[in-house]
Amino acid sequence: MSYQLEISFRPVNEMINSLHTYLCKSWHKRIDLGPDWARNVEAKLSPEFADQLNKTAMDLEWKLLYLLVYVSPSKDSTQGFLSWLKNLTLGELYEVLSPYVQTFPENFGAARDRLHDMLTAWNDAYFTHVDSGIISALQAEAEEKSALQGLNAYETASALTNGFCFEPVQGLEKLVLVPQYHFQPGNIIYSFGSVTVCHYAARIEPPSEADEPSLQLYRLLRSLSEKSRLRILHFLRDEPRTFIEVVRHLGISKGITHDHIFNLRSAGLLNAHVVGETVSTYSLRLERIRQIEEGLLDYLGFHANLLMPSR
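If you read the sequence shown in the working numbering, its first letter stands for residue 3, the second for the next number, and so on.
This is the structure we're talking about:
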């Protein structure tokens with residue numbers, strides 16, 4: 003059993019991801035952009051629009067927006083997608099989505115209008131001012147990774163998403179991977195029957211001082227600085243474990259355990275085995291653990307195959 007893998011990017015993808023990132027307030031301390039980014043963005047919004055976004059829920063309407071982008075024939079340009087979304091009749095809405103989902107919001111036409119108006123306002127207030135270099139980097143990422151050879155769909159997806167293993171379950175026919183910047187280091191996953199869409203952290207880093215470690219190396223080393231996280235790695239050394247099994251092994255709260263797993267996941271030290279939109283189990287990502295020494299030696303200016311002098 004296997005599935006088809008598609009790697010693609012359109013600017014409209016990042017427009018929606020940037021709004022997703024702003025709306026996910028609980029993530030603002032976790033994202034690479036940090037909480038200052040959200041505060042700076044809010045300061046540029048009108049009070050009315052900021053209030054509207056504060057009341058916006060990440061519900062079925064929002065999930066279907068990701069599917070609408072996937073099925074749209076006009077997604078090559080942001081304005082093209084917005085015009086297409088605005089002009090769809092209610093019948094056309096159901097027609098393009100019904101092959102993938104059977105549940106729709108009440109008063110779907112009004113829901114579509116709300117989404118269109120909100121996206122248009124966000125595009126005007128924020129996204130049109132985003133550094134074009136970010137969009138170019140995401141486009142280059144998609145083009146480069148689409149040319150990967152030698153790995154199957156499962157292995158390629160795991161490598162690109164830094165350890166998300168999309169299990170080839172019955173019914174899954176296509177996995178669509180879309181590189182994203184704003185929600186790094188998180189991934190955004192939505193399942194629509196035969197199609198799963200994952201907007202993965204492209205690991206695009208902001209400019210830094212020449213002697214600064216990369217954000218990836220810093221995150222990797224920092225993730226190992228807590229005893230409970232090392233215990234998680236040790237617990238997973240033999241076989242995949244569920245989240246509840248990890249909680250019981252550590253003997254601490256679910257919330258704290260979740261934070262530890264998030265840190266290890268963001269560093270790429272864990273595989274997260276995904277079924278639909280749910281992580282079923284976690285396992286040790288040995289190839290990433292083997293890269294710790296290599297990454298640190300490379301930052302220090304040594305070749306990994308050279309021995310450090312003894313004292």
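Using N, Cα and C, we set each Cβ at its ideal position, and we do this for glycine too.
Helix, strand or coil: which one does DSSP assign to residue i?
i           : result
residue 8   : strand
residue 118 : helix
residue 274 : strand
residue 194 : strand
residue 249 : helix
residue 243 : strand
residue 31  : coil
residue 268 : helix
residue 230 : helix
residue 238 : coil
residue 317 : Residue numbering for the chain in the displayed model covers 3 to 313; residue 317 lies beyond these limits and cannot be assessed.
So, using beta-carbon positions, are residue i and residue j closer together than 9 Å?
i           : j           : result
residue 294 : residue 222 : yes
residue 69  : residue 96  : no
residue 52  : residue 63  : no
residue 65  : residue 12  : no
residue 259 : residue 283 : no
residue 87  : residue 118 : yes
residue 171 : residue 278 : yes
residue 196 : residue 165 : no
residue 218 : residue 228 : no
residue 182 : residue 203 : yes
Buried or exposed for residue i, going by 16 or more other Cβ atoms inside 10 Å?
i           : result
residue 37  : exposed
residue 55  : buried
residue 80  : buried
residue 104 : exposed
residue 270 : buried
residue 225 : buried
residue 335 : No statement about residue 335 is possible, as the shown extent of the chain runs from 3 to 313 and does not include it.
residue 60  : exposed
residue 163 : buried
residue 111 : exposed
residue 246 : exposed
residue 1   : The chain is shown from 3 up to 313; residue 1 falls before or after that span and cannot be answered.
What residues in its chain sit with their C-beta under 6 Å from that of residue i, if we drop five residues either side in the sequence?
i           : result
residue 15  : 180
residue 167 : 160, 273, 275
residue 190 : 201
residue 281 : 274
Considering only residues of the same chain and omitting the five flanking positions on each side of residue i, which have a CB-CB separation below 8 Å?
i           : result
residue 8   : 176, 177, 178, 179
residue 33  : 23, 39, 184, 185, 186, 187, 188
residue 311 : Low per-residue confidence applies at residue 311: pLDDT is 46, beneath 50, and the placement is therefore not dependable, though the value from the model is reported in the following sentence. Around residue 311: no qualifying Cβ.
residue 73  : 98, 99, 102
Legend entry - Ordered list of alpha helix (DSSP H) runs contained in the segment 91 to 156, each at least 4 residues: 92 to 99, 110 to 127, 134 to 148
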